[in-house]
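Residue numbers (full-length UniProt numbering): 1 to 181.
Dropping the structure here:
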């Protein structure tokens, strides 16, 4: 979903919130700062990553709910059809009271089915909205990733520029500092 060199930031920043702070976290932060990535940038990556994760989990739960509702609707529909067939058999056999009972059962099932189908439609609507939200969050995550990449690239260019502006050879300076001419 989110690749590239900074894709790991989203997962790592979420994990760092959940776990305790330790020396590894400190070293990671120092490395990020050397790379030109600020705490605000990390926070933005963390926020969008967490929101994306929660949205996807919510969408998955809603999809599971829809599947469950659809399964229930199929079961109720089958029961309704079975009641209707039994009512027809009872009518053919001259058992009108029994046929009436089956038809009342069928009507009750059909009312139940309407209710379940209405909930299915609501779940589908909810999923549609959630898909749009997840898509927007994915777009935002890609924007944050691009921002992180630009910041790291700018910092690398700056270090490269600073190095090329150095008048003195660093190796020569090291020897001079050591007293070797």
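We put the beta carbon where it would ideally sit given N, CA and C, even for glycine. Just so you know, these numbers come straight off a predicted model, no measurement behind them.
Counting only residues of its own chain and dropping the five nearest sequence neighbours on each side, residue 135 has no CB closer than 8 angstroms to any other CB. With respect to the C-alpha of residue 103, the residue from 93, 86, 115 and 113 having the closest C-alpha is 86. The alpha-carbon separation between residue 179 and residue 173 amounts to approximately 10 angstroms. When the Cα atoms are used, residue 155 and residue 28 turn out to be separated by approximately 16 angstroms. A direct Cα-Cα distance of roughly 8 angstroms separates residue 97 from residue 90.
Taking the Cβ atoms as the reference, residue 148 lies roughly 17 angstroms from residue 51, outside the contact range of under 8 angstroms. The DSSP-derived three-state label of residue 43 is helix.
By alpha-carbon distance to residue 127, the top candidate from 36, 175, 95 and 62 is 62. Taking C-beta atoms under 8 angstroms as the contact rule, residue 113 and residue 77 qualify, at a distance of about 6 angstroms. By the neighbour-count criterion, in which a residue is buried when 16 or more other Cβ atoms sit within 10 angstroms of its Cβ, residue 109 is buried. Residue ranges of uninterrupted alpha helix (DSSP H) with 4 or more members are absent from the region 93 to 143; none lies entirely inside it. Comparing C-alpha distances from residue 84 to each of 106, 150, 71 and 169 shows the shortest one belongs to 106. Sequence-distant Cβ neighbours of residue 72 in its own chain, meaning closer than 7 angstroms and more than five residues away, are 116.
Taken through DSSP and simplified to helix, strand or coil, residue 180 comes out as coil. Taking C-alpha positions only, residue 31 is separated from residue 150 by approximately 16 angstroms.
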